[in-house]
C-alpha cells in the first residue's frame, strides 16, 4: 500500500544559506522536496550536499523547477540522481496533490 | 591620490537582490580612480561567475563580468573550497580567475587596506 502523501517542502535559498540542511532534517513520511529559485543550485551533482540529497531521495520524492534551472544557465548540467525536473504545471500539480506546502525561506 | 588595495567580497548568488550588481559597480568605480582592486568570490558568490549555455538567460551581472576589460580589475580570486562544495570547477566560470584555498584567501583579506562586503 502506498503511504499517503505528506507535506511538500519548497526551498528557495542557495546551498550556502544552510536552509536546505534544516529542511532535510524535518522531512516526515510521505514528504516531498521541491527546489525553486536560488534553491535549484543545490540540485547540481557533485556538491557537498549531494550525498544528503541522494540519501533523502531514497525515502522522499525530489523535484527541481526546470524554468528556474534554465534562467540560471543550469539546464544542461548533471543533477543529483533521482532529482526530477518539473515545469510550472508540475509545481501546481504537486501543490494541489500534497495536503500541505511548507516553504523554507 | 594614494593607491589603496581594495577587496570586494562577493558571497551571494547573482539574484540575491541588487548586491552583486552594486558590488561590481563599486569595484569598477574604485578601479577608475586608480585604486588596486581585487574581487573575491566565495560561498554562494561563486555562482555569480557560472557560465551558462549561450542561449540561456544568464544573469546580467554574469554577462557584465564576461565583458570586463583586463585593465579594469587587477585580481579575481575564487575560493577553491567554495567551488568544490558546489560541484563546480574552474572551467565552469566565465572569466579567468586565480583559484586560492581558504587559508590563502584569509591571508589575502588580512593584507588589504580595505575590505568591502555586501
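Residue numbers (our numbering), protein chains in the order written: chain A, -18 to 86; chain B, 55 to 172. Even glycine gets a Cβ: it sits at the ideal position worked out from N, Cα and C.
query	result
When the Cα atoms are used, what is the spatial distance from residue 57 of chain A to residue 51 of chain A?	8 Å
Taking the Cβ atom as the reference point for each residue, do residue -15 of chain A and residue 82 of chain A lie within a distance shorter than 8 Å?	no
Can you tell which of B:148, B:100 and B:118 has the C-alpha that lies nearest to the C-alpha of residue 81 of chain B?	B:118
Would you report the Cα separation of residue 94 of chain B and residue 115 of chain B, rounded to the nearest angstrom?	15 Å
Counting beta carbon pairs with one atom in the segment 144 to 158 of chain B and one in the segment 20 to 33 of chain A, are three or more of them shorter than 8 Å?	no
Counting Cβ pairs closer than 8 Å, one from the segment 37 to 50 of chain A and one from the segment 8 to 20 of chain A, do we hit at least three?	yes
Quick one: Cα of residue 90 of chain B to Cα of residue -5 of chain A, how far?	31 Å
Residues of chain B with CB closer than 7 Å to the CB of residue 28 of chain A, please, in chain order.	139, 140 and 141
What is the DSSP secondary structure of residue 6 of chain A, reduced to helix, strand or coil?	coil
Determine the extent of the beta strand (DSSP E) in which residue 61 of chain B is found, giving its start and end residues.	59 to 64
Rounded to the nearest angstrom, how far is the Cβ of residue 96 of chain B from that of residue 133 of chain B, given a contact under 8 Å?	4 Å
Using only CA atoms, which one of B:74, B:156, B:58 and B:122 lies nearest to residue 137 of chain B?	B:156
Relative to chain A, which residues along the segment 55 to 73 of chain B have a C-beta separation below 9 Å, given in chain order?	65, 66, 67, 68, 69 and 70
Counting contacts by CB-CB distance shorter than 8 Å, is residue 33 of chain A in contact with chain B?	no
Going by beta-carbon coordinates alone, are residue -9 of chain A and residue 85 of chain A separated by less than 8 Å?	yes
My output table needs one value for residue 77 of chain B: the three-state DSSP class, helix, strand or coil.	helix
Just verifying my parser: in three-state terms, what is the DSSP assignment at residue 82 of chain B?	helix
Closer than 8 Å, Cβ to Cβ, to anything on chain A: give me those residues from the segment 94 to 109 of chain B, in chain order.	97, 98, 101, 104, 105, 106 and 107
What residue from A:36, A:53 and A:20 has the CA that sits closest to residue 105 of chain B's CA?	A:53
Counting contacts by CB-CB distance shorter than 8 Å, is residue 68 of chain A in contact with chain B?	no
Distance cutoff 8 Å, beta carbons only. Does residue 53 of chain A sit that close to anything in chain B?	yes
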